[in-house]
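Residue numbers (my numbering), protein chains in the order written: chain U, 70 to 387; chain W, 70 to 387.
These notes are about the structure you will find just below.
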């Protein structure tokens, strides 16, 4: 059992997967439901301190949770931040920059920090990011609403974050002064941008039948939608929107496809819906990459006229 | 700067202490406010695995957060649980027992587990317990409402949890088959019981002007109330309710006082209010231990007719 399976199993077994969605949906008042999400982010598992800056880490901690709210079509309202800090990081410069990053992104989306906790840890920095949002009652976009014939869409070019991760692993580091393709892709890995505006628009206009954010990777995330919806899906490799700079990092189209199909953490939205309506809505940066089929659990990829099964190879951690 | 100061400072500096109370209070609907609390609990900092059982640890993770809801006079509704699990604990027996403990206590208070996250850690078990509750609009009992002349009350005998911690440090271990005083005090440390019923009653009957739960220790927690309320307090040492078995562990009355005044984690409620009204309410297990004064920030302890300053020596971690 690998880590991915382990985590999936315990979430399912112990009820953390109650709704099986990016957020829990609870009744709030007569008009709205409450959306809740928590993301635990651990040093040396989800990030390395020498790969990022404290400020980017603060931003990323909030961004991954905002992305969960976006994936339900919701609006974000408050955040809590629990951190465990090892003694060697008890220095104002580090924590100032970390919270500054969090608050910078929070200000963009009008998120208030309302609480959280602080503990000591023995040696690693640990973050639990908790975000609450709202969505009109009964209108949260779930993973379970995809129907045969729906188109499959993504909200932007893919593969950049995975390519950035590859560069970090190879020893490259983020250079704030550089705007070369490598640095931009590293920044995509270190500072994902949540698609809150688009998620909300899709919800308000009733355009998405199901939605998820691309955290694990397309191949895994489309499988989540198909499992929840009782459908299959067919992805057209030729329609995949590659990150503009991806060819600079990937040596071949095969590798570009590998990064876009299986590399996660782009935090774009993956959604399904009526293809004509979505095309007619004039949404910018939305790409149709496939269609929902009535073949439950079967995810296919079509490339150069041949069809193969697409294994769920996405992952969350490096 | 010690750890206690460090944590206090960063909570204040970065806005985690926004409301400065046990829970954040947010508007929910026309009738109720939403209460939110998060507690991060770290192996080797807040607990040791060989001191407890996975089941007791699961219970305790929820109990400390329920106690925060109790301290606001609220009702609990949902919980989230984020855990970071090192690879050597990826075994169903451990996690089954941990979640069983959580769910046992949750069932007692009708708390639903609605979400959370699971991550890997490098070597230590980390828990972030998040709990949401409700309280009638504007009725949350804050730390800031104490007034000169109010009595100071606690909801039960103190010192048991601190004595249990002392025994654990000395090498004793929890024995579920034993009912001797030592085992009972260790159990008080390992399985605190949140005072939700009493907290809610105090709120409904309008009896408490301020409230906090005893997590840091009486000397620190009364200081929190005085700081928030702009008052002082006078504690009567002779009125302190000692845990029934405390003398078995403490060698002297001095040591018993040390444990009850400064040892934390009893998770009883500390509250203030009109002494006559509270006495007349016939609450069981409620002890009047002092009074609020108009001497801002000055906490005194009266013993044998002499009055001394009471330093805030409480702590949270071992």
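No residue lacks a Cβ here, since even glycine has one placed at the ideal position from N, Cα and C.
Measuring C-alpha to C-alpha distances from residue 199 (chain W) to each of W:164, W:134, W:237 identifies W:134 as the nearest. In the DSSP annotation of this structure, the continuous segment of the alpha helix (DSSP H) that includes residue 254 (chain W) starts and ends at 250-259. The continuous beta strand (DSSP E) containing residue 144 (chain W) extends over residues 144-155. Near chain U, meaning a CB-to-CB distance below 7 angstroms, no residue of the segment 284-299 of chain W qualifies. At a cut-off of 8 angstroms between C-beta atoms, residue 97 (chain U) counts as an interface residue with respect to chain W.
Contact check for residue 334 (chain U) and residue 231 (chain U): beta-carbon distance about 7 angstroms, within the 8 angstroms limit, so the pair qualifies.
Between the segment 193-210 of chain W and the segment 96-116 of chain W, the count of Cβ pairs shorter than 8 angstroms is three or higher; the stretches touch. A contact between stretches requires three or more CB pairs, one per stretch, nearer than 8 angstroms, and the segment 181-198 of chain U fails this requirement with the segment 233-253 of chain U. Residue 372 (chain W) carries a strand assignment under DSSP once its states are collapsed to helix, strand and coil. When secondary structure is reduced to three states using DSSP, residue 365 (chain U) falls in the coil class, being assigned neither helix nor strand. When C-beta distances to chain U are compared with 9 angstroms, every residue of the segment 365-377 of chain W stays at or above that value.
Per the Cβ contact rule, the segment 105-122 of chain U is in contact with the segment 186-200 of chain W (3 or more Cβ pairs under 8 angstroms). As a beta-bridge residue in DSSP terms, residue 203 (chain U) pairs with U:103, U:144. Distance from the CA atom of residue 113 (chain W) to the CA atom of residue 295 (chain W), rounded to whole angstroms, is 32 angstroms. Contact of residue 108 (chain U) with chain W is assigned, a C-beta pair being separated by under 8 angstroms. Per DSSP, the continuous beta strand (DSSP E) segment holding residue 220 (chain W) begins and ends at 220-223. For residue 161 (chain U), the enclosing alpha helix (DSSP H) starts and ends at 161-177. Taking a cut-off of 8 angstroms for Cβ pairs, the segment 299-306 of chain W and the segment 344-363 of chain W touch, as three or more such pairs fall below it. By DSSP's assignment, residue 279 (chain W) forms a beta bridge with W:341. Put simply, the backbone Cα of residue 176 (chain W) is about 51 angstroms away from that of residue 245 (chain U). Here the alpha carbons of residue 229 (chain W) and residue 257 (chain W) stand approximately 6 angstroms from one another. Neighbours of residue 151 (chain W) in chain U, taken as residues at a C-beta separation under 7 angstroms, are given in chain order as 107, 109, 197. About 7 angstroms separates the beta carbons of residue 254 (chain U) and residue 312 (chain U), which is inside the 8 angstroms limit, making them a contact pair. The residue from U:166, U:344, U:197 with its alpha-carbon nearest to that of residue 278 (chain U) is U:344. Look at residue 225 (chain U): its C-beta is not under 8 angstroms from any C-beta on chain W. A distance below 7 angstroms between beta-carbons, with the five flanking residues on each side excluded, links residue 169 (chain W) to the following residues of its chain, in chain order: 124, 127. Contact check between the segment 327-341 of chain W and the segment 208-226 of chain W: three or more CB pairs, one atom from each, fall below 8 angstroms, which counts as touching. Where residue 318 (chain U) is concerned, the enclosing alpha helix (DSSP H) starts and stops at 315-318. Between residue 283 (chain W) and residue 337 (chain W), the beta carbon gap of about 5 angstroms places them in contact (Cβ cut-off 8 angstroms). Residue 214 (chain W) sits in a helix when the DSSP states are folded into three classes. Across the structure, residue 371 (chain W) and residue 306 (chain W) are spaced so that their CA atoms are roughly 6 angstroms apart.
Residue 210 (chain U) is positioned such that its CB atom lies no closer than 8 angstroms to that of residue 270 (chain U). If you draw a straight line from the Cα of residue 196 (chain W) to the Cα of residue 150 (chain W), it comes to about 7 angstroms. For residue 232 (chain W), there is no enclosing beta strand (DSSP E); the enclosing alpha helix (DSSP H) covers residues 229-238. Among the residues facing chain U, residue 176 (chain W) is not included, as its CB has no counterpart in that chain under 8 angstroms away. Per DSSP, reduced to three states, the secondary structure at residue 123 (chain W) is helical.
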